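According to the numbering used here, the sequence shown is numbered sequentially starting from 122. Glycine is no exception: its CB is placed at the ideal position from the N, C-alpha and C atoms. From a predicted model like this one, the values you see are computed outputs, not experimental measurements. What follows is a set of notes on a single structure, which appears directly below.
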Amino acid sequence: MNNMKYKAVRVRVNRHFSWFQFFGSFFVMSILAAMPGLILGNNWHLVISPQLVWYVIYWILVAAAFSAFTAWQKYHAFDKPLRDLSDAAEKVAGGDFSVYLQPVHAPEKYDYLDAMFANFNIMVAELGSTETLREDFVANVSHEFKRPLANIQGYAQALQEPGLSPADKARYIATINQAATQLAALVTNILKLNKLQTQVSQPTHVPFDLSAQLTRAILDYDDALDQKDLDLTVAIPDTLTIASDPELLGIVWHNIIGNAVKFAPAQGHVKVAAEKHNQMVQVTIQDDGAGMDEATQTHIFDKFYQGDTSHAVEGNGLGLAMVAQIIRLIGAQIAVHSQLGQGTTMIVSIPQHDN
122 MNNMKYKAVR VRVNRHFSWF QFFGSFFVMS ILAAMPGLIL GNNWHLVISP QLVWYVIYWI
182 LVAAAFSAFT AWQKYHAFDK PLRDLSDAAE KVAGGDFSVY LQPVHAPEKY DYLDAMFANF
242 NIMVAELGST ETLREDFVAN VSHEFKRPLA NIQGYAQALQ EPGLSPADKA RYIATINQAA
302 TQLAALVTNI LKLNKLQTQV SQPTHVPFDL SAQLTRAILD YDDALDQKDL DLTVAIPDTL
362 TIASDPELLG IVWHNIIGNA VKFAPAQGHV KVAAEKHNQM VQVTIQDDGA GMDEATQTHI
422 FDKFYQGDTS HAVEGNGLGL AMVAQIIRLI GAQIAVHSQL GQGTTMIVSI PQHDN
């Protein structure tokens with residue numbers, strides 16, 4: 122579709138007034154006007170005679186034919202396409218984004234109408250995609266809110282029952298607190314993701330020590346590492362200075378390292394490594410968890426997608442969506458290597474910017 126847009130605009134720009142068509146039309150009309158004279162020859166004075174009636178009828182027929190041809194050409198070239206465009210715009214205004222306008226001319230004869238139709242189709246497709254994403258987002262948010270709210274409501278009602286033991290009360294309160302924490306995290310992540318998606322300012326590029334930042338991110342999961350008795354391997358330089366956006370990259374490490382810790386099995390292994398490679402800094406985060414199949418890998422950066430539903434209570438499917446958005450904003454790259462039963466490796470490649 123984008124190729125159609127480019128071609129239509131290009132042909133429209135290169136299309137000029139045709140002197141050949143102008144003189145051709147002038148020649149044809151001159152022949153038609155001179156036809157009676159050519160037929161009568163030297164007896165032109167016969168025109169002013171009883172033949173005058175036929176001469177007038179002839180010109181009426183010529184004028185009618187020319188007018189009909191001009192009207193048909195105008196309808197076919199302008200009125201019908203513009204009416205189709207008006208009808209399509211009315212459907213889009215009513216929420217129908219399945220509208221598609223066919224080009225008026227063959228590709229080699231595209232003009233400004235075809236360019237307008239191509240651009241209209243692109244606009245409708247983008248609007249339809251945006252509307253679909255909005256509807257999916259609302260549905261997913263509603264679903265994600267429903268679970269913790271149901272837990273809070275259910276256990277709050279259970280707390281009102283008489284005769285509850287102190288142990289049960291403590292357990293119910295802990296469950297409510299966990300659901301409230303999950304709800305707060307969901308709201309926070311939605312706000313963060315919305316901020317990233319609507320961010321118009323460029324990310325900062327300030328020098329900072331990436332090694333220190335990665336170390337702090339690992340320490341944030343120290344308790345989780347101990348609880349699962351995970352074997353942690355850290356292979357990062359003592360100092361690794363880069364110029365990028367430290368705040369945004371902090372979100373990246375928090376989510377990827379958190380996923381590695383979450384999906385690694387008990388007494389499993391997690392590895393965090395960083396190194397300079399040509400003009401890039403590569404950060405590798407690896408776990409030996411269950412891994413992912415190809416179908417799951419194609420969706421892991423989608424909002425609210427969770428490949429392992431058994432861990433759904435521990436996340437809301439927004440973390441990697443934020444990671445993908447940040448990677449795009451800072452001009453970095455992320456590669457995912459995973460196989461079922463063999464764990465997952467994520468490699469983030471950050472370009473080196475001049476300080």
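With 16 other Cβ atoms within 10 Å as the buried cut-off, status of residue i
i: PHE384; result: buried
i: GLY464; result: buried
i: ASN315; result: exposed
i: MET244; result: exposed
i: ALA236; result: buried
i: LEU312; result: exposed
i: TYR221; result: exposed
i: VAL402; result: buried
i: GLN281; result: exposed
i: GLY307; result: Checking the sequence, you will find Leu at residue 307 rather than Gly. Per the 10 Å Cβ criterion, buried.
Residue interval of the beta strand (DSSP E) (run including residue i)
i: ASP330; result: 327-330
i: GLU211; result: Looking at the DSSP string, GLU211 is not in any beta strand (DSSP E); the run it does join, the alpha helix (DSSP H), is 201-214.
i: HIS226; result: Counting along the chain, HIS226 falls outside any beta strand (DSSP E), and DSSP gives it neither H nor E.
i: GLU396; result: 390-398
Three-state class that DSSP yields for residue i in the structure shown
i: GLN454; result: strand
i: HIS420; result: coil
i: MET477; result: Past the boundaries of the shown model lies residue 477; the chain is included only from 122 to 476, so the question cannot be answered.
i: GLN403; result: strand
i: ILE471; result: strand
i: ASP352; result: strand
i: ILE363; result: strand
i: VAL434; result: The predicted position of VAL434 is uncertain, since its pLDDT is 40 and thus under 50; a value taken from the coordinates is nonetheless stated next. Helix, per DSSP.
i: SER286; result: coil
i: SER459; result: strand
Pick from the options that is closest to residue i, judged by C-alpha positions
i: GLU396; options: PHE329, THR362, VAL382 and VAL225; result: THR362
i: ILE273; options: ALA411, ALA295 and GLU229; result: ALA295
i: VAL355; options: ILE377, ILE372 and SER332; result: SER332
i: LEU441; options: MET401, ALA394, HIS375 and MET413; result: HIS375
i: LEU203; options: THR417, TYR233 and GLY284; result: TYR233
i: SER219; options: LEU248, ALA227, GLU229 and TYR231; result: LEU248
i: VAL469; options: LEU370, ASN380, GLY379 and THR417; result: LEU370
i: ASN240; options: LEU206, THR405 and MET413; result: LEU206
i: VAL327; options: ALA306, LEU270, ALA345 and PRO472; result: PRO472
i: ASP359; options: LEU335, ILE372 and ASN380; result: LEU335
i: HIS458; options: MET443, ILE447, THR405 and GLN400; result: THR405
Enclosing alpha helix (DSSP H) for residue i [first to last residue]
i: HIS375; result: 367-384
i: LEU346; result: 343-348
### the segment 342-357 / the segment 377-394 touching (three or more Cβ pairs under 8 Å)
yes
### Query
On the three-pair Cβ rule with 8 Å, is the segment 405-414 touching the segment 455-464?
yes
### Message
Under 8 Å, with one C-beta from each stretch per pair, do the segment 448-458 and the segment 365-381 reach the 3-pair mark?
### Response
yes
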